[in-house]
Each structure stands twice: as C-alpha cells, then as structure tokens.
Amino acid sequence: MYVDEESISPYTHGQEGPDVLYEAERRIEGRKPEETCTCNSATACRAARCGCHKSGFTCKTTCACARPGGGCHNPMRDLSYIFGTNPTDRPTTLSACLISKIMRENAKQPNGARIWWEGVRDEMWEGILRTWGRDDYVWADQADAVRARDYAGLNATEQMVLRRRSIKHWLQPQSCFFFYSFCRNSLVQGDCTSHCPVCNACRDWRQWHCKLCNKCTYGLTLPCGNCSLEGVRAFHASKEDMARMFGTN
0 MYVDEESISP YTHGQEGPDV LYEAERRIEG RKPEETCTCN SATACRAARC
50 GCHKSGFTCK TTCACARPGG GCHNPMRDLS YIFGTNPTDR PTTLSACLIS
100 KIMRENAKQP NGARIWWEGV RDEMWEGILR TWGRDDYVWA DQADAVRARD
150 YAGLNATEQM VLRRRSIKHW LQPQSCFFFY SFCRNSLVQG DCTSHCPVCN
200 ACRDWRQWHC KLCNKCTYGL TLPCGNCSLE GVRAFHASKE DMARMFGTN
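Numbering of the sequence shown is given in numbering that gives the first Met the number 0, commencing with residue 0 and proceeding in unit increments.
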C-alpha cells in the first residue's frame, strides 16, 4: 500500500507534536488545587495513580479518600522537610521534575523522599552558590541576588530565609525562568528544558515524546527517529490522544 509521506510530513504543521506534548505536561503540572482525586481508600493515595499525588497536591476534604476515620497517605501532604513549616514557603504548584523525584524515592523505601532530600539539599545549595552565585537572573529578585553574593556575610537567620525563598523559586513549575533539574543536578532554563513525565527525565526543548515507541526523540520538525513513518503519524496525534497517553484527568 502506497502512503504519501508528503501529506503527513511534520513540516506541514510545524511544531504541532511538541505543542500538543507541552499542553499535556501543563495539564499535569497545572492541575487546579480544587480538583479532587477518586482514590477509594486513604492508602491508595500513596500510589502514583492518585490524581492529587501525581500533580504535587495534598488531598482535600472533598476527595474520595477523605472518609471519617480515614487518614490520607498522600506523600505530598507533608513537604515541610523541603520547604519548612510555614505554608507561604511552599509553592502553589511543584515542578514536574520534583514531583517525579519524590514519587521515585518514595517507591524505593518508606519516607524515601525525606531521606533523599536530607542527603542532597546541602550539596545542591552549595553547588548553586558556587556556579550561579553571581548571576542575578537565577534568583527570585535583585535583593536575593545581592544577598547571594554576600552569603558568607549573612547571619544564620538571613541565610535560612534566602535558602527557603530560593528553593521555593527554583522548585516551581518550569514556567519560571530557571528551575532546578534533579535529573541534571543543576539549574536549567525553563524555556530550554522540560521534564518528560513519561520518561521521567529532563530533556532539551527540541525533543518531543513519541506515543508510539514511548520514547523521547530529537527534532521539533522531524519524525520520530525510532519509528520512522509510523513516528510521523504519532507526531500528528490529536490533543485528546496525548491527554489520554499522559493520563490527565
């Protein structure tokens, strides 16, 4: 059977494939706080299939898991080990990279994310100060940039405030100018890097996820390098198919 490759060339519609993908990612990251999960038990919220859990939100009193005598086990319920106990220090939404990391570490062992964070937080902060300490544009504002350059001269309280403000800034969704990639152990530009929730890896902005081979491939206007012609068809998948692929609610 002859197939007219020109008729399905990715050049026909430019960046349709990646645009669809990023829309699906935004729907995962940008899940509204008022949306609820449909878990039928409190313990089910431990699993990645919980809508609130995988979106980085705590479960709410309107969620199906909130029954009298229950007790939700959503690991996103308590992230004080990362952001502290002040609710204003926690971002409204979390980056896809952080959500994936928390889920993977908790899958390894009980309280895995807490143990992981305690092991990497100081190294992460020192690495950022060493590499980016004099770059104004990675900090939340100009005042924080000035404090970062004189970090050693700050008292303990001032250092703690700067760390909490900066961590909140870098662990928000990648819509911010810079976010911290735990896949690359570095700050990365949000407009040049995104996190694939399927591959669980941060990728270059020129990569997109092929639904056919279920892998990321390079080239915004190129067919999937793994799937050839079939990858081109996947490249032009509908938004509905992409949303179903990512399991958005």
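Note that beta-carbon positions come from the ideal geometry of N, C-alpha and C, so glycine has one too.
Within the continuous alpha helix (DSSP H) that includes Leu97, where are the two ends? Reading the sequence shown from its first residue, position 98 is the one you call residue 97. 95 to 107 is the span of the alpha helix (DSSP H), which, as asked, contains Leu97.
Identify, in the order they occur along the chain, each residue of the same chain with its Cβ nearer than 6 Å to the Cβ of Leu97, setting aside the five sequence neighbours on each side. For the purposes of this step, residue 97 is taken as the residue at position 98 of the sequence shown. Leu170.
On the CB-based measure, 16 or more other CB atoms within 10 Å of its CB, does Thr92 come out buried or exposed? Here residue 92 refers to the residue found at position 93 when the sequence shown is read from its first residue. By the 16-neighbour rule on beta-carbons within 10 angstroms, Thr92 is buried.
Between Trp116 and the rest of its own chain, which residues show a CB-CB distance below 6 Å, the 5 nearest in sequence each way excluded? As a working note, residue 116 is residue 117 in the sequence shown. If we look at Trp116 and ignore the five residues flanking it on each side, its Cβ neighbours are Tyr80, Ile81.
Can you tell which of Asn105, Arg205, Cys64, Gly224 has its C-alpha closest to the C-alpha of Leu78? Here residue 78 refers to the residue found at position 79 when the sequence shown is read from its first residue. For Leu78, the closest C-alpha among the options Asn105, Arg205, Cys64, Gly224 is that of Asn105.
Between Phe181 and the rest of its own chain, which residues show a CB-CB distance below 6 Å, the 5 nearest in sequence each way excluded? Numbered from its first residue, the sequence shown carries residue 181 at position 182. Only Cys96, Lys100 meet the Cβ criterion.
Rounded Cβ spacing between Cys198 and Lys210 (contact assumed at less than 8 Å): If you number the sequence shown from 1, residue 198 lands on position 199. If you number the sequence shown from 1, residue 210 lands on position 211. Your pair Cys198 and Lys210 does not check out as a contact, with CB atoms roughly 12 Å apart and the cut at 8 Å.
Straight-line CA distance for Glu24 to Met102? Taking the sequence shown and counting its residues from 1, the one referred to as residue 24 is at position 25. Taking the sequence shown and counting its residues from 1, the one referred to as residue 102 is at position 103. Bear in mind that the predicted position of Glu24 carries a pLDDT of just 38, short of 50, making it unreliable; the figure below should be weighed with that in mind. Distance between the alpha carbons of Glu24 and Met102 is about 17 Å.
What is the DSSP secondary structure of Gln141, reduced to helix, strand or coil? Working through the sequence shown from its first residue, we reach residue 141 at position 142. Three-state result, Gln141: helix.
Consult DSSP for Ala46 and reduce its assignment to one of helix, strand or coil. Residue mapping note: residue 46 aligns to position 47 of the sequence shown, counting from 1. Note: Ala46 maps to coil in three-state DSSP.
Can you tell me whether Trp267 is helix, strand or coil according to DSSP? The structure shown does not extend to residue 267, since the chain is modelled only from 0 through 248, so no value can be given for it.
For Leu221, which three-state DSSP category applies? Looking up residue 221 in the sequence shown gives position 222. The answer is coil: DSSP assigns Leu221 none of H, G, I, E or B.
Could you give the first and the last residue of the continuous alpha helix (DSSP H) run that contains Thr130? By 1-based counting over the sequence shown, the position of residue 130 is 131. Run containing Thr130: 111 to 131, per the alpha helix (DSSP H) assignment.
Work out the CA separation of Gly218 and Arg113 for me, nearest whole Å. One-based indexing of the sequence shown puts residue 113 at position 114. One-based indexing of the sequence shown puts residue 218 at position 219. Taking the straight line from one Cα to the other gives about 37 Å.
Span of the beta strand (DSSP E) holding Phe177? Residue 177 sits at position 178 when you count from the first residue of the sequence shown. Run containing Phe177: 177 to 180, per the beta strand (DSSP E) assignment.
Out of Cys49, Ala43, Arg45, which has the shortest C-alpha to C-alpha gap to Cys36? As a position in the sequence shown, residue 36 is number 37, starting the count at 1. When only C-alpha atoms are compared, the closest one is Cys49.
Look at the Cβ atom of Cys195, then the Cβ atom of Cys212, and state whether they are nearer than 8 Å. In the sequence shown, the residue the question calls residue 195 occupies position 196. In the sequence shown, the residue the question calls residue 212 occupies position 213. The answer is no: Cβ separation not under 8 Å.
Below 8 Å, how does it come out for the stretch 119 to 126 and the stretch 200 to 210: are there three or more Cβ pairs, yes or no? No, the stretch 119 to 126 does not touch the stretch 200 to 210.
Alpha-carbon to alpha-carbon, Asp143 and Tyr179: In the sequence shown, the residue the question calls residue 179 occupies position 180. In the sequence shown, the residue the question calls residue 143 occupies position 144. In this model, Tyr179 and Asp143 are separated by some 17 Å (Cα to Cα).
Does Leu161 come out as helix, strand or coil in the three-state DSSP assignment? Reading the sequence shown from its first residue, position 162 is the one you call residue 161. Of the three classes helix, strand and coil, the one that applies to Leu161 here is helix, per DSSP.
Residues in the same chain with beta-carbon distance under 7 Å from Asn225, minus the five sequence neighbours each way, listed in chain order, please. Position 226 of the sequence shown, counting from 1, holds the residue named residue 225. Here Asn225 has Cys209, Cys212, Lys214, Thr216 as same chain residues with Cβ atoms under 7 Å from its own Cβ, once five neighbours each way along the sequence are excluded.
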